[in-house]
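What follows is one structure encoded as structure tokens, with my remarks underneath.
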Amino acid sequence: MLRSFVTASELSEAFDLTTGSPYLLPIHYSIRHELQGVFPEAKCSIFGYPYHNPQMWMIIRRNQFTRPHVFMASRTQLFITESDIDAFLMLTLPYLLELSEFSARILGIQLSTRMSELFSSHFDFSAPSYLSNYFLISETKQRLISKMTIQLAEGYEFTELDPDVRLKTKR
């Protein structure tokens with residue numbers, strides 16, 4: 003069962019449940035912004051699956067000035083089965099069908115791949131700005147990848163994050 007987080011206490015619980023995972027940063031900060039009323043013109047609907055111990059999350063941010071944004075992510079990139087992903091996606095489908103169009107930010111190759119496979123008859127994922135994916139890669143894998151010659155698909159890029167950005171934002 004998909005859980006909806008609506009009240010202030012439920013949002014606080016969702017905030018706590020999404021703490022500590024780099025994969026959930028877009029979810030975590032969307033919840034924080036909703037709790038703090040940072041973007042009053044962009045209301046969020048927050049969902050977690052499974053109901054009692056959410057590992058996969060979806061945020062639908064409805065902004066009065068742009069098309070809605072959908073964020074999906076899982077707590078970990080590992081140990082999520084395809085059947086769990088499918089169950090999560092099938093439960094989210096009615097909410098997505100309410101949207102005439104949306105931009106999707108899906109974190110995780112398994113989740114984004116299955117979403118494209120299962121929902122391609124409902125949504126057009128061909129536009130580069132429509133479905134975007136980003137991945138966090140461990141330093142060990144970064145070193146391995148840096149030694150490879152990789153041709154990325156059009157619209158994709160490797161970006162090295164600035165390790166000093168945290169220090170800069172704290173000033």
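For the sequence shown, position 161 matches number 163 in my numbering, and the numbering has no gaps at all. We treat Cβ as the ideally placed atom computed from N, Cα and C, and that holds for glycine.
Query                                                                                                                                                             : Result
Alpha carbon to alpha carbon, how far is I61 from L19? Give it in angstroms, no decimals.                                                                         : 14 Å
Would you check if there are 3 or more beta carbon pairs closer than 8 Å linking the segment 48-55 to the segment 101-117?                                        : no
Can you check which of these residues, R77, S140, L95 and F73, is closest to S122 by C-alpha distance?                                                            : L95
For S131, I'd like the list of residues in its chain whose CB is within less than 8 Å of its CB, leaving aside the five on either flank, ordered along the chain. : Confidence at S131 is low in this model, with a pLDDT of 44, below 50, so its placement is unreliable and the value that follows should be read with caution. Excluding residues within five positions, the ones whose Cβ falls inside 8 Å are S105.
How about A16 and G39: are their beta carbons less than 8 Å apart?                                                                                                : no
Quick check on the burial criterion: 16 or more other C-beta atoms within 10 angstroms. Buried or exposed for H124?                                               : exposed
Quick check on this structure: which residue in T68, S102 and W59 has the alpha carbon closest to the alpha carbon of D86?                                        : W59
Would you kindly report the start and end of the unbroken alpha helix (DSSP H) that includes Y31?                                                                 : L27 to Q38
Which value, in whole angstroms, describes the spacing of the CA atoms of H71 and T83?                                                                            : 25 Å
Compare the Cα-Cα distances from S47 to each of Y25, E159, G22 and T9 and report the closest residue.                                                             : T9
Between Y97 and the rest of its own chain, which residues show a CB-CB distance below 8 Å, the 5 nearest in sequence each way excluded?                           : S47, F49, M60 and I62
Taking only three categories from DSSP, how would you classify S23?                                                                                               : coil
So the alpha helix (DSSP H) A89 belongs to, where does it begin and stop?                                                                                         : E84 to L99
For M74 and I29, I'd like the C-alpha separation in whole angstroms.                                                                                              : 8 Å
For the alpha helix (DSSP H) that R145 lies in, which residues bound it at each end?                                                                              : E141 to S148
Once DSSP output is grouped into helix, strand and coil, what is the label at A155?                                                                               : coil
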